[in-house]
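Residue numbers (the working numbering): 565 to 841. Cβ atoms here follow ideal geometry from the backbone N, Cα and C, with glycine treated the same way. Because the structure is a prediction, the values reported are computed rather than measured. Scroll down for the structure; my scribbles are underneath it.
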């Protein structure tokens, strides 16, 4: 599998600094392209969110350069990958906790990462940054670790350790009704997980088959708050994204649309278009 990539980030209208961080990096293993992408959203209600998100991205990039090749040769690659990621994220979590104690404040960041290798993807997820798979439909591949999602999962008895989120679920960048109207009750948007601020860090890991001629979209919540799923589907169907210039153009277009609709938060989007070898 080969990949086209593009990204866009904006500090938004409310904050004086962009607390989002992103990563798009590639390597080659046994003649096959391997791609790692990640997005982090430093928690705006806490101190030094930009430091937390940058540290998480820096550590993940360093891990990719230092550890991936050795892991790739292991027979049980998926298990080895998740074990390695777990150790990495727990170490970052501990460093950020220590940094926050030294600072006398809480620091934290979300993190959502996806690794493409051969015909599979592998996801690590903490918080409410998201990954979507866009082809004939828009499928959310991550579940927000917020109180509302946990409550809904218990109500529907749908708690599961892996897999995508039902495309019929309502929410940001998924509503077919009014843009930006809150779905959940007061307090239910509270994040349950964040690197550097959760009492106990519990990342979620899962994998799946890569769709050919699809777009994988990683974003912070600022990007998706004001957008409809249909708008994402129309912008990123394969006919609209034949090269990286077009992919970038449509990413910027939707980001500007979100800002024009009143989004004030930092916003970041990464776009990955899959191509058959």
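{"Item": "Nearest candidate by alpha-carbon position, reference residue 686, set 771, 595, 612", "Value": "771"}
{"Item": "Closest by C-alpha distance to residue 709, when choosing among 598, 757, 814", "Value": "757"}
{"Item": "Three or more C-beta pairs below 8 Å linking the region 771 to 786 and the region 691 to 701", "Value": "yes"}
{"Item": "Buried or exposed by the 16-neighbour rule on C-beta atoms within 10 Å, applied to residue 817", "Value": "exposed"}
{"Item": "Nearest-angstrom Cα separation, counted from residue 652 out to residue 597", "Value": "23 Å"}
{"Item": "Per DSSP, the bridge partner or partners of residue 773", "Value": "684"}
{"Item": "Inter-stretch contact (C-beta, 8 Å, three-pair minimum) for the region 666 to 674 and the region 624 to 633", "Value": "no"}
{"Item": "Rounded Cβ spacing between residue 611 and residue 583 (contact assumed at less than 8 Å)", "Value": "About 11 Å; that fails the 8 Å criterion."}
{"Item": "CA-to-CA distance, residue 648 to residue 642, given in whole angstroms", "Value": "10 Å"}
{"Item": "Helix, strand or coil at residue 655 according to DSSP, with G and I counted as helix", "Value": "helix"}
{"Item": "Collapsed DSSP secondary structure at residue 665 in the structure displayed", "Value": "helix"}
{"Item": "Nearest candidate by alpha-carbon position, reference residue 812, set 587, 833, 623, 700", "Value": "833"}
{"Item": "Cutoff 8 Å; reference residue 593; Cβ partners in own chain excluding five residues on either side", "Value": "632, 633, 636, 681"}
{"Item": "Whole-angstrom distance between residue 623 and residue 655, CA atom to CA atom", "Value": "9 Å"}
{"Item": "Same chain, Cβ closer than 8 Å to residue 846, neighbours up to 5 away in sequence not counted", "Value": "Absent from the model: residue 846. The displayed extent of the chain is 565 to 841, so no value can be given."}
{"Item": "Cutoff 7 Å; reference residue 575; Cβ partners in own chain excluding five residues on either side", "Value": "581, 582, 830"}
{"Item": "Extent of the continuous beta strand (DSSP E) to which residue 570 belongs", "Value": "566 to 574"}
{"Item": "Residue 840, DSSP secondary structure in three states", "Value": "coil"}
{"Item": "Straight-line gap, residue 776 to residue 663 (C-alpha atoms, nearest Å)", "Value": "42 Å"}
{"Item": "Element boundaries [alpha helix (DSSP H), containing residue 827]", "Value": "Careful: residue 827 lies outside any alpha helix (DSSP H) and carries neither H nor E."}
{"Item": "Beta-carbon proximity of residue 675 to residue 604, cut-off 8 Å", "Value": "yes"}
{"Item": "Range covered by the beta strand (DSSP E) that runs through residue 586", "Value": "584 to 593"}
{"Item": "Same chain only: Cβ atoms within 8 Å of residue 819, ignoring 5 sequence neighbours per side", "Value": "572, 574, 787, 831, 833"}
{"Item": "Cβ-Cβ distance between residue 808 and residue 601 below 8 Å", "Value": "no"}
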